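Contents: one structure, followed by commentary.
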């Protein structure tokens, strides 16, 4: 596979997520991704910035960090040059929930790797990354960040840590996706049942369903699969993906269908969503940093001669959410 094809393949699950309009990638399992300790950390990064400062958010998704910077600059009556870069094919202003955000003045750069930023040497006053840097090839990303901040800019990173609440919940979510896709029969069972239901387009036909052995067999099989799903939800209360799936399947059974093909397409779309969720979670679990990995990243940045400061980002002062790393002079 070529580099471009490889990047497109890796980014595809993220592209589909960001096109839904969510502001952070933990939307199906964790709330509060851009408030509390997160907001305090970023407000501290923005505080020294002057008029005309250029801020580049790498792995921006739907632009939550640029939106936060925009609100701060407006409150301070400053004009900042705001950029959001992502390897995914993002389009925040055109996403489903774009009407709830104002993206005016933010320049987005889709299909752009943080290892090949479209900015000159020393062009950034601040490079931001929240749960994105650790997914990239580390040596290349470090070299590129250092190039773009030069000797006078700064970089601030929030990275996944092994002891974080996000890691714990993501592990539970991934295991739930694995069960749902590799062990449960609920998607296939729902498809078979909906095939019969979608053909019964009037009241007499629906009454005849109870006398159809094939339809009754499909109903029994789905009930068994649905019961297993509900039992798994009780065992894994953190796995929001299971609850979302159960709710979606319930809605499918209630709604009228124009044809069996339409019903089958809907179940396939739900399965594809779960597959994307598992892919994104798998990448996150591979990217998470333990203490040794964090120190390795710090040493590589520090080799540039710039000072580096690490910390632990806490949510509500009690729950660890990730590592912080600040590069550059305060």
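Numbering (our numbering), first residue to last: 41 to 370.
Glycine included, C-beta positions come from ideal geometry on N, C-alpha and C.
Computed from a predicted model, the values in this text were never measured in an experiment.
Margin query: Helix, strand or coil for residue 298? Go by DSSP, reduced to three states.
Written below: coil
Next item on the list: Have a look at 177, 113, 162 and flag the residue whose alpha-carbon is nearest the alpha-carbon of residue 189.
Entry: 162
Margin query: Please state whether the Cβ-Cβ distance between residue 365 and residue 197 is less than 8 Å.
Written below: yes
Check: Is there at least one non-hydrogen atom of the ligand NAD closer than 7 Å to the beta-carbon of residue 259?
Finding: Among the components of this structure there are no ligands whatsoever, and the ligand NAD is therefore not found.
Notebook entry, point to check: Would you call residue 90 buried or exposed, if buried means 16 or more other Cβ atoms sit within 10 Å of its Cβ?
Noted result: exposed
Item checked: Top-ranked residue by Cα proximity to residue 181, from 155, 100, 208 -> 155
Next item on the list: With a floor of 3 residues, list each beta strand (DSSP E) that falls wholly inside the segment 336-366, ordered by position along the chain.
Entry: 348-355
Check: What first and last residue would you give for the alpha helix (DSSP H) that runs through residue 77?
Finding: 77-86
Next item on the list: Out of 121, 183, 221, 252, point me to the one whose CA is closest to residue 235's CA.
Entry: 252
Notebook entry, point to check: Looking only at C-alpha atoms, which of 345, 122, 319 sits nearest to residue 86?
Noted result: 122
Notebook entry, point to check: Which of helix, strand or coil does DSSP assign to residue 250?
Noted result: coil
Item checked: Exposed unless 16 or more other CB atoms sit within 10 angstroms - verdict on residue 200 -> buried
Margin query: Under DSSP, the alpha helix (DSSP H) around residue 113 begins and ends at which residues?
Written below: 104-115
Item checked: Under the three-state DSSP convention, the category residue 213 falls into -> helix
Next item on the list: Tell me whether residue 169 sits in a helix, a strand or coil according to DSSP, three-state version.
Entry: strand
Checklist line | Between the CA atoms of residue 125 and residue 177 - distance to the nearest angstrom | finding: 16 Å
Notebook entry, point to check: Is the segment 217-229 touching the segment 295-312, taking contact as three or more C-beta pairs under 8 Å?
Noted result: yes
Check: Buried or exposed: which applies to residue 165, given that a residue is buried once 16 or more other Cβ atoms fall within 10 Å of its Cβ?
Finding: buried
Next item on the list: Using alpha carbons as the reference points, say which of 146, 259, 119, 338 lies closest to residue 104.
Entry: 146
Item checked: Integer Cβ distance of residue 207 from residue 328, believed to fall under 8 Å -> 5 Å
Check: Could you check where the alpha helix (DSSP H) with residue 227 kicks off and where it finishes?
Finding: 226-239
Checklist line | Closer than 8 Å to chain D by CB, residue 356 | finding: Given the protein chain composition of this structure (a single chain), no chain D is represented.
Check: Can you tell me where the alpha helix (DSSP H) with residue 189 in it begins and where it stops?
Finding: 178-189
Notebook entry, point to check: If we count the other Cβ atoms within 10 Å of its Cβ and call it buried at 16 or more, is residue 361 buried or exposed?
Noted result: buried
Note to self: Quick check on the DSSP output: the beta strand (DSSP E) that includes residue 97 runs from which residue to which?
What the structure shows: 94-98
Next item on the list: Just grab the DSSP bridge partners of residue 122 for me.
Entry: 95, 146
Check: Touching or not, the segment 340-354 and the segment 267-287, by the rule of three or more beta carbon pairs under 8 Å?
Finding: no
Margin query: Using only CA atoms, which one of 300, 93, 338 lies nearest to residue 237?
Written below: 300
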